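Numbering (my numbering), first residue to last: 86 to 250. Contents: one structure, followed by commentary.
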């Protein structure tokens, strides 16, 4: 007995019965689903990296609040190069709010900002994970039907060749 996942797939145009599609269309659909799964995987990775950066920024804002003015720190120039520096003011921090705009906030306000952004991105990642799971299931269903149809065609071709000889 076929499951619903094996017999139909949701597309932007509606539900498509996989068994009614020829192998060529199944192959195209399989390729399209593979590209979508890869794209969603890449997006999930980017979201995860962004959440990690926001969490680190939140922790850094908390650390700055505990430091004193004129305290020595290491300032990152790149991800692996740091130079010595001194904190000029621990009462305010400059945060990037996107598209090249920066805002000065207190460390506590910066922590709240980073926490909200991280929560928002986690929610988006959860939604993307659900879509990813759904697309993978559709891909598996299409692959199974395509494999079955390919095997049927191969069997028919063998029978036809036997009859000809």
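C-beta: ideal position from N, C-alpha, C; glycine also. Nothing here was measured: the structure is a model prediction, and the numbers come from that model.
CB-CB length for residue i against residue j, believed under 8 Å
i: residue 234; j: residue 108; result: 5 Å
i: residue 206; j: residue 135; result: 5 Å
i: residue 103; j: residue 210; result: Residue 103 to residue 210, Cβ: 29 Å. No contact.
i: residue 139; j: residue 203; result: 4 Å
i: residue 170; j: residue 178; result: 14 Å between Cβ atoms; not a contact.
Other residues of its chain near residue i: CB distance less than 8 Å, five sequence neighbours each side excluded
i: residue 272; result: Residue 272 is absent from the structure shown; the chain starts at 86 and stops at 250.
i: residue 152; result: 158, 172 and 175
i: residue 100; result: 93 and 94
i: residue 125; result: 213, 216, 217 and 220
i: residue 115; result: 224, 227, 228 and 231
Exposed unless 16 or more other CB atoms sit within 10 angstroms - verdict on residue i
i: residue 208; result: exposed
i: residue 31; result: Not covered by the structure: residue 31. The range shown for the chain is 86 to 250.
i: residue 146; result: buried
i: residue 118; result: buried
i: residue 192; result: buried
i: residue 127; result: exposed
i: residue 201; result: exposed
i: residue 196; result: buried
i: residue 199; result: buried
i: residue 166; result: exposed
i: residue 168; result: exposed
Close-in-space but distant-in-sequence residues of the same chain around residue i (CB under 6 Å, 5 per side omitted)
i: residue 182; result: 188
**Study point:** Unbroken stretches of the beta strand (DSSP E), 3 residues or longer, contained in the stretch 155-234
**Key:** You should have 157-161, 167-171, 178-183 and 186-190.
Check your understanding: Taking the runs of the alpha helix (DSSP H) that are 4 residues or longer, which of them lie wholly in the stretch 97-162?
Key -> Counting whole runs of 4 or more residues, the stretch 97-162 contains the alpha helix (DSSP H) stretches 108-151.
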